[in-house]
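Asks:
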Amino acid sequence: MSTPSAHYDVIILGAGASGLFCAFTAAQRGRRVLVLERANKVGKKILMSGGGRCNFTNQTVEPANFISINQHFCKSALKRYTQWDFIALVERHGIDYEERKHGQLFCTDSARDIVDMLLDECAAAGAEVRTQCEIRQILPAGPADTGTARYKMTIDQSQQTAQLTCESLVVATGALSVPTLGGSGYGYDIARQFGLPLTERRAGLVPFTFSDALKPMCERLSGLAVEVSVTCNGQTFVENMLFTHRGMSGPVMLQISNYWQPGDELVIDLLPDRDASTWLTTTKREQPRTRLRNVLSPSLAKALVTELQQFWWPDRDETPLAEWSDRQLSDIGQQLNGWRIKPSGTEGYRTAEVTLGGVDTAAISSRTMEATSQPGLYFIGEVLDVTGHLGGFNFQWAWASGHCAGLVV
Numbered sequence: 001m002s003t004p005s006a007h008y009d010v011i012i013l014g015a016g017a018s019g020l021f022c023a024f025t026a027a028q029r030g031r032r033v034l035v036l037e038r039a040n041k042v043g044k045k046i047l048m049s050g051g052g053r054c055n056f057t058n059q060t061v062e063p064a065n066f067i068s069i070n071q072h073f074c075k076s077a078l079k080r081y082t083q084w085d086f087i088a089l090v091e092r093h094g095i096d097y098e099e100r101k102h103g104q105l106f107c108t109d110s111a112r113d114i115v116d117m118l119l120d121e122c123a124a125a126g127a128e129v130r131t132q133c134e135i136r137q138i139l140p141a142g143p144a145d146t147g148t149a150r151y152k153m154t155i156d157q158s159q160q161t162a163q164l165t166c167e168s169l170v171v172a173t174g175a176l177s178v179p180t181l182g183g184s185g186y187g188y189d190i191a192r193q194f195g196l197p198l199t200e201r202r203a204g205l206v207p208f209t210f211s212d213a214l215k216p217m218c219e220r221l222s223g224l225a226v227e228v229s230v231t232c233n234g235q236t237f238v239e240n241m242l243f244t245h246r247g248m249s250g251p252v253m254l255q256i257s258n259y260w261q262p263g264d265e266l267v268i269d270l271l272p273d274r275d276a277s278t279w280l281t282t283t284k285r286e287q288p289r290t291r292l293r294n295v296l297s298p299s300l301a302k303a304l305v306t307e308l309q310q311f312w313w314p315d316r317d318e319t320p321l322a323e324w325s326d327r328q329l330s331d332i333g334q335q336l337n338g339w340r341i342k343p344s345g346t347e348g349y350r351t352a353e354v355t356l357g358g359v360d361t362a363a364i365s366s367r368t369m370e371a372t373s374q375p376g377l378y379f380i381g382e383v384l385d386v387t388g389h390l391g392g393f394n395f396q397w398a399w400a401s402g403h404c405a406g407l408v409v
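Here it is, written out as structure tokens:
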């Protein structure tokens, strides 16, 4: 029996945020588009994002919200398809959404609304989407293939093998983060196959783990959240920190993890709105009989104060402030404003929201997302060396990069 074959103008690998967006953008231009997805359903990462509500973009999107070896690469795409463009699309589909702090926009009901919107756009434009497809081989097309074909591939679907050709091949396979949702390094394999460089990759927007005395402390405080400022390698974020059974998480730790390297210290300001040294020495004069833990407890959770006491003043828990020297209180204040900790590592790709690094943008056109040395081969979304901060920025990059490629494929 002969193997079925078909030719498409555009084949997109990956039915996630960037892949689906690229698909309907290209199909709206009259291109014959096929999207191939390995998983049994599309948009798995969208569905799980934002606690199931999908933080789909942000009110304020700037190049500074993105990390890349080439900080300028993202500018063109973000300018050509803005957060306001995506918000208009969401509103056109009648999806209710809400703004949370720091300009983050979430679906009021469910992330399913965003996936359904993308699929509706694909259906209306005529883009075909197939799931449970395994790519067996990708090769440059030869003279015997369809005249406009640049690439040919062999795929397995429903226990059947098919041969496909296309003029434009778009890699929207995502990256290594959260393998249970389909994350893989397949896009990097394709880049290597066609001679494109990769930058170093590591887990980003990921919780920290500890192996020293902080580990049992974090276990005891698991579930406690406190607003702090965290600094590492010249970057500072102010948000909630969450203690977990494994270490420290929460928005502020996820943000700073993008700038942390193994061996680096984190500096945590537990009282970011005040000079703790001045406050404690002033309080000593005003309330000389008060214990230090009683001064701190209204500003920090009592359980956290108890743990810090064991670290920093274990033998003075019943000592009134009057019996502390100003220098001793000042030292405690400096620790509260500058608690230095050294994580042993992170939870890795298993729980990372993104992958830092990827296909080197030096080999990609910032206007079209096409590989400059390989006509007809495009890379969009997380597979590229462009990573956004927490807060809807990675989705905005998916929409913008998918849009740019969709206009030209």
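Here UniProt numbering is used: position 256 in the sequence shown is 256, and no number is missing along the way. Ideal placement from N, C-alpha and C gives every residue a C-beta, glycine not left out.
Between which two residues does the alpha helix (DSSP H) holding C218 run?
Replies: Within the sequence shown, residue 218 is the residue found at index 218, counting from 1. 214–220 is the span of the alpha helix (DSSP H), which, as asked, contains C218.
Asks: Excluding five sequence neighbours on each side, which residues of the same chain lie with their C-beta closer than 6 Å to the C-beta of P4?
Replies: Along the sequence shown, one-based indexing puts residue 4 at 4. A162, listed in sequence order.
Asks: Please classify N258: does DSSP put it in a helix, a strand, or coil?
Replies: Position 258 of the sequence shown holds residue 258. In this structure, N258 counts as coil in the three-state DSSP scheme.
Asks: Any beta-carbon of chain C closer than 7 Å to the one on A64?
Replies: Given the protein chain composition of this structure (a single chain), no chain C is represented.
Asks: Under the three-state reduction of DSSP, which class applies to residue 429: helix, strand or coil?
Replies: What the structure shows of the chain is the stretch from 1 to 409, and residue 429 is not part of that stretch, so it cannot be assessed.
Asks: Using only CA atoms, which one of A123, G94, L377, V90 lies nearest to L20?
Replies: Within the sequence shown, the letter at position 20 stands for residue 20. Residue A123 is the option with its Cα nearest to L20.
Asks: May I ask you to report which of helix, strand or coil DSSP gives E227?
Replies: Taking the sequence shown and counting its residues from 1, one reaches residue 227 at position 227. DSSP places E227 in strand when its eight states are reduced to three.
Asks: Where does Q396 land, buried or exposed, given buried means 16+ other C-beta within 10 angstroms?
Replies: For the purposes of this step, residue 396 is taken as residue 396 along the sequence shown, with counting starting at 1. That one is buried.
Asks: Whole angstroms is fine: what's the gap from L300's alpha carbon to A276's?
Replies: Numbered from 1 along the sequence shown, position 300 holds the residue referred to as residue 300. Numbered from 1 along the sequence shown, position 276 holds the residue referred to as residue 276. Distance between the alpha carbons of L300 and A276: 12 Å.
Asks: Rounded to whole angstroms, what's the CA-CA distance from R38 to H102? Just pull it up for me.
Replies: Within the sequence shown, the letter at position 38 stands for residue 38. Within the sequence shown, the letter at position 102 stands for residue 102. Those two C-alpha atoms are separated by around 35 Å.
Asks: Take residue 424 and list the residues in its own chain whose beta-carbon comes closer than 8 Å to its own, dropping the five residues that flank it on each side.
Replies: Residue 424 is absent from the model: the chain starts at 1 and stops at 409.
Asks: How far does the alpha helix (DSSP H) with Y186 in it reach, from first residue to last?
Replies: Within the sequence shown, residue 186 is the residue found at index 186, counting from 1. Note, Y186: alpha helix (DSSP H), 186–193.
Asks: Assign I69 to one of two classes, buried (16 or more other C-beta atoms within 10 Å of its C-beta) or exposed (fewer than that).
Replies: Position 69 of the sequence shown, counting from 1, holds the residue named residue 69. Exposed, since its Cβ has fewer than 16 Cβ neighbours within 10 Å.
Asks: Looking at the structure shown, is P320 part of a helix, part of a strand, or coil, going by DSSP?
Replies: The residue you call residue 320 lines up with position 320 of the sequence shown. Looking at P320 - three-state DSSP - the assignment turns out to be strand.
Asks: Here's a check: name, in chain order, each residue in its chain whose Cβ is nearer than 8 Å to the Cβ of S2, leaving out the five neighbours to either side.
Replies: On the sequence shown, position 2 is the one that residue 2 refers to. Summary for S2: the model assigns pLDDT 47, below 50, so the residue's position carries little reliability; its value from the coordinates is reported in the next sentence. Excluding residues within five positions, none has a Cβ falling inside 8 Å.
Asks: Which of the three DSSP states, helix, strand or coil, is assigned to M48?
Replies: Translated into the one-based positions of the sequence shown, residue 48 becomes position 48. In this structure, M48 counts as helix in the three-state DSSP scheme.
Asks: Would the beta-carbon of E265 fall within 7 Å of that of R202?
Replies: Counting from one through the sequence shown, the residue named residue 265 turns up at place 265. Counting from one through the sequence shown, the residue named residue 202 turns up at place 202. Their beta carbons are not under 7 Å apart, which means E265 does not touch R202 by this criterion.
Asks: Taking the alpha carbon of G406 as the reference point, which residue from T387, Y378, G392 has its own alpha carbon closest?
Replies: Residue mapping note: residue 406 aligns to position 406 of the sequence shown, counting from 1. Nearest of T387, Y378, G392 to G406, Cα basis: Y378.
Asks: Write down the C-beta distance between G391 and Q104 rounded to the nearest angstrom, noting that I regard them as a contact closer than 8 Å.
Replies: Numbered from 1 along the sequence shown, position 391 holds the residue referred to as residue 391. Numbered from 1 along the sequence shown, position 104 holds the residue referred to as residue 104. Correct: roughly 5 Å between the Cβ atoms.
Asks: Give a yes or no on whether the C-beta atoms belonging to F106 and R53 are separated by under 7 Å.
Replies: Numbered from 1 along the sequence shown, position 106 holds the residue referred to as residue 106. Numbered from 1 along the sequence shown, position 53 holds the residue referred to as residue 53. In this structure, R53 lies closer than 7 Å to F106 by Cβ.
Asks: Going by C-alpha to C-alpha distance, which of V61, A398, V386 sits closest to N258?
Replies: For the purposes of this step, residue 258 is taken as the residue at position 258 of the sequence shown. Ranking V61, A398, V386 by Cα distance to N258 puts V386 first.
Asks: Relative to the alpha-carbon of C22, which residue among A127, L254, L78, A88 has its alpha-carbon at the smallest distance?
Replies: Counting from one through the sequence shown, the residue named residue 22 turns up at place 22. For C22, the nearest C-alpha among the options comes from A127.
Asks: With distance defined between alpha-carbon atoms, name the residue in M253, T244, M217 nearest to V230.
Replies: Mapped onto the sequence shown, residue 230 falls at position 230. Nearest of M253, T244, M217 to V230, Cα basis: M253.
Asks: Less than 7 Å separating the beta-carbons of L329 and T282?
Replies: As a working note, residue 329 is residue 329 in the sequence shown. As a working note, residue 282 is residue 282 in the sequence shown. No, these two residues do not count as a Cβ contact at 7 Å.
Asks: Hey, which unbroken runs of the beta strand (DSSP E) at 3 residues or more fall wholly within the segment 239–320?
Replies: List check, beta strand (DSSP E) in window: 247–249, 266–269.
Asks: With a Cβ-Cβ cutoff of 7 Å, do T131 and N240 count as a contact?
Replies: In the sequence shown, residue 131 corresponds to position 131, counting from 1. In the sequence shown, residue 240 corresponds to position 240, counting from 1. In this structure, N240 does not lie closer than 7 Å to T131 by Cβ.
Asks: Kindly indicate which three-state DSSP category L20 falls into: helix, strand or coil?
Replies: Position 20 of the sequence shown holds residue 20. Helix at L20.
Asks: Just to confirm my understanding: we take G24, look at its own chain, exclude 5 residues before and 5 after, and list those with CB closer than 6 Å. What are they?
Replies: One-based indexing of the sequence shown puts residue 24 at position 24. One point to set straight first is that residue 24 is Phe, not Gly, in the sequence displayed. If we look at F24 and ignore the five residues flanking it on each side, its Cβ neighbours are E121, C122, A125, A127.
Asks: For a test of the three-state rule: what should DSSP assign to K152, helix, strand or coil?
Replies: The residue labelled residue 152 in the question sits at position 152 within the sequence shown. Strand, per DSSP.
Asks: Does the Cβ-Cβ distance between F243 and T346 come in under 7 Å?
Replies: As a first step, residue 243 is located in the sequence shown; it is residue number 243 there, counting from the start. As a first step, residue 346 is located in the sequence shown; it is residue number 346 there, counting from the start. Result no, Cβ atoms of F243 and T346 do not sit closer than 7 Å.
Asks: So, are the CB atoms of V171 and L304 less than 7 Å apart?
Replies: Taking the sequence shown and counting its residues from 1, the one referred to as residue 171 is at position 171. Taking the sequence shown and counting its residues from 1, the one referred to as residue 304 is at position 304. Taking 7 Å as the Cβ cut-off, V171 and L304 do not qualify as a contacting pair.
Asks: Within its chain, find whatever has a CB closer than 6 Å to the CB of G357; leave out the 5 residues flanking it on each side and keep chain order.
Replies: Within the sequence shown, the letter at position 357 stands for residue 357. The answer, listed in chain order, is T199, E200, R201, D385.
Asks: Going by other Cβ atoms of all chains shown within 10 Å of its Cβ, with 16 needed for buried, is T148 buried or exposed?
Replies: Mapped onto the sequence shown, residue 148 falls at position 148. So T148 ends up on the exposed side.
Asks: Under 7 Å, do L176 and Y349 count as touching if we go by C-beta distance?
Replies: Residue 176 sits at position 176 when you count from the first residue of the sequence shown. Residue 349 sits at position 349 when you count from the first residue of the sequence shown. Yes, Cβ-Cβ distance for L176 and Y349 is below 7 Å.
Asks: Using 7 Å as the threshold, is the C-beta distance between G16 and G174 below it?
Replies: Translated into the one-based positions of the sequence shown, residue 16 becomes position 16. Translated into the one-based positions of the sequence shown, residue 174 becomes position 174. The answer is yes: Cβ separation under 7 Å.
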